[in-house]
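What follows is a short report on a single structure.
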Ligand code: NAD
């Protein structure tokens with residue numbers, strides 16, 4: 002896609018002032034296209050179109066919307082190969098992952114919410130002999146959907162599908178580093194028969210640009226953001242002037258607790274994924290690994306041996322396990338974290354370097370750091386790369402305390418075969434999602450979101466509709 006354009010009111014358009022920015026494939030460092038750089042002008046056009054389209058889309062039946070959403074899913078599935086390739090060119094992630102996870106799940110997000118919206122119910126309270134109360138679910142209006150670069154289409158559709166299913170219209174601001182699949186999604190929506198103006202895409206940057214123009218716009222009712230915690234702060238401030246509804250999925254520094262009685266083979270293999278899948282650029286990655294002392298040495302040795310076998314390389318090669326990081330700038334940021342961890346006494350037992358066999362691209366070897374404690378930056382800040390720390394612990398109380406000693410609260414993983422301990426520890430961990438003896442296993446009906454500074458609100462199943470619809474109570478005197 003050499004020219005990535007905005008999609009406003011059913012048409013692909015450049016920016017009014019003709020501004021563009023380069024789109025770079027991080028795995029090669031090469032320019033693969035130019036992207037229209039939107040500003041408040043395009044945001045304003047898109048919001049106006051979305052507001053107008055809301056007049057009709059907001060009045061369609063759930064069954065009609067469900068049909069369109071299913072058509073979108075179908076077209077995404079038909080274009081899986083193309084979407085997967087574009088996602089990989091934008092992000093540097095292995096094509097095998099784009100094909101098996103990103104795009105199938107993005108299509109499924111539409112199927113899931115297409116079905117779910119048809120079965121929604123609301124509450125009814127009878128005041129015996131006096132009155133009957135029942136609630137009606139109504140769409141809210143225009144939603145601003147702001148997405149990150151790590152799982153671009155997957156996380157965007159996680160917002161778009163329930164937003165449209167509930168009868169809202171939207172203006173999407175994709176991450177500036179990954180503009181392509183959102184643009185194809187717009188094409189697909191048009192082909193699927195989504196009326197003009199219901200879905201708009203404006204490309205561009207965040208602060209003082211298209212992103213902030215969207216969050217400040219007086220005619221936008223809702224903002225759903227997935228991104229960094231610091232972005233959440235800025236968006237909340239900008240949205241406060243017009244009191245928009247907010248849903249935030251933000252950063253994490255997720256603990257992974259491995260007890261001595263864990264099924265070790267399974268724990269090691271799954272921890273490999275939770276550490277290095279998508280180059281560690283998943284908000285749910287477990288970057289702080291705590292291992293009970295009796296198995297600490299064995300775990301570290303076996304885990305490092307397996308991590309050392311992961312193939313870092315060309316994302317298009319089916320043998321590749323770990324692709325390129327999102328950008329050269331991000332690679333340098335991640336390297337900075339490793340350097341400072343070493344200055345604070347950390348010992349790199351695997352990786353820490355750019356792979357010698359790759360002369361270009363933003364590649365980094367899977368990296369394991371030991372001999373750090375909870376005061377070190379590397380155990381406190383979100384790195385968002387293929388870097389984990391491993392620390393030993395002695396008691397349940399100690400590990401719960403250290404796991405919770407963070408401003409984040411997105412997810413946590415517990416490995417134990419002791420059922421009582423699993424329940425107790427899961428209940429005490431301060432996180433929106435706790436996995437026991439697994440990771441990244443998702444039932445889309447369940448509440449998804451972060452506690453503390455990892456987010457605001459929950460998405461998934463009915464929770465998405467709590468955000469994307471308004472409940473109106475009707476009270477009838479009997
Ligand atoms: P980011 O916050 O830099 O950007 C996210 C989006 O927000 C982009 O589209 C960006 O242009 C926009 N943006 C940035 N500043 C803005 C502003 N002031 N106003 C409006 N929009 C603005 O995040 P990223 O680097 O793209 O993604 C990585 C981050 O996302 C990590 O912190 C990761 O943990 C988080 N994340 C969280 C989840 C989750 O479900 N909790 C999922 C994926 C990623």
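Residue numbers (this note's numbering): 2 to 479. Think of the CB as a built atom: it goes at the ideal place given N, C-alpha and C, for glycine as much as any other residue.
The ligand NAD heavy atom lying under 8 Å from the CB of residue i
i	result
residue 171	no
residue 432	no
residue 120	no
residue 174	yes
residue 275	no
residue 168	no
residue 284	yes
residue 445	no
residue 216	yes
residue 147	yes
residue 383	yes
residue 436	no
residue 440	no
residue 239	yes
residue 203	no
residue 236	yes
residue 407	no
residue 150	yes
Terminal residues of the beta strand (DSSP E) in which residue i lies
i	result
residue 277	Residue 277 -> not in any beta strand (DSSP E); alpha helix (DSSP H) instead, spanning 265 to 277.
residue 8	7 to 9
residue 53	Segment 41 to 58 is the alpha helix (DSSP H) holding residue 53; no beta strand (DSSP E) there.
residue 225	223 to 227
residue 1	The structure shown does not extend to residue 1, since the chain spans only 2 to 479, so no value can be given for it.
residue 449	No beta strand (DSSP E) holds residue 449; DSSP gives it neither H nor E.
residue 21	21 to 26
residue 348	348 to 351
residue 435	434 to 437
residue 368	368 to 371
residue 413	412 to 416
residue 388	388 to 394
Simplified DSSP state of residue i, which is helix, strand or coil
i	result
residue 454	helix
residue 105	helix
residue 297	helix
residue 37	strand
residue 132	strand
residue 478	strand
residue 1	Residue 1 is absent from the structure shown; the chain starts at 2 and stops at 479.
residue 143	strand
residue 12	strand
residue 201	strand
residue 231	helix
residue 65	helix
residue 259	strand
residue 119	helix
residue 236	helix
residue 111	helix
residue 185	helix
Unbroken alpha helix (DSSP H) run spanning residue i, endpoints
i	result
residue 153	153 to 166
residue 405	397 to 405
residue 1	Nothing in the structure corresponds to residue 1, since the chain is present only between 2 and 479.
residue 468	462 to 469
residue 213	211 to 217
residue 428	420 to 429
residue 344	329 to 344
Presumed contact (8 Å Cβ cut-off) between residue i and residue j, rounded CB distance
i	j	result
residue 291	residue 265	Going by Cβ atoms, the distance from residue 291 to residue 265 rounds to 15 Å, so no, they are not a contact pair.
residue 338	residue 282	With a Cβ gap of about 13 Å, residue 338 and residue 282 do not count as contacting.
residue 386	residue 280	6 Å
residue 108	residue 166	The Cβ separation is near 14 Å, so there is no contact.
residue 271	residue 439	7 Å
residue 393	residue 323	The Cβ separation is near 26 Å, so there is no contact.
residue 465	residue 163	4 Å
residue 326	residue 34	Residue 326 to residue 34, Cβ: 20 Å. No contact.
Beta-carbon proximity list for residue i, same chain, < 7 Å, skipping 5 on both sides
i	result
residue 52	143 and 220
residue 404	256, 258, 291, 413 and 430
residue 427	415, 435 and 437
Own chain partners of residue i with C-beta closer than 8 Å, once the 5 adjacent residues on each side are dropped
i	result
residue 372	346, 347 and 348
residue 189	73, 76, 77 and 80
residue 83	185
beta-carbon residue i near the ligand SAM non-hydrogen atom, thresh 8 Å
i	result
residue 21	Ligands displayed in this structure: the ligand NAD; the ligand SAM is not among them.
6 Å Cβ shell around residue i - same chain, five flanking residues per side excluded
i	result
residue 97	319
residue 356	313, 364 and 366
residue 276	389
residue 294	393 and 395
residue 331	none
residue 126	134
Cβ of residue i within 9 Å of any chain B Cβ
i	result
residue 341	No chain B is part of this structure, which consists of one protein chain only.
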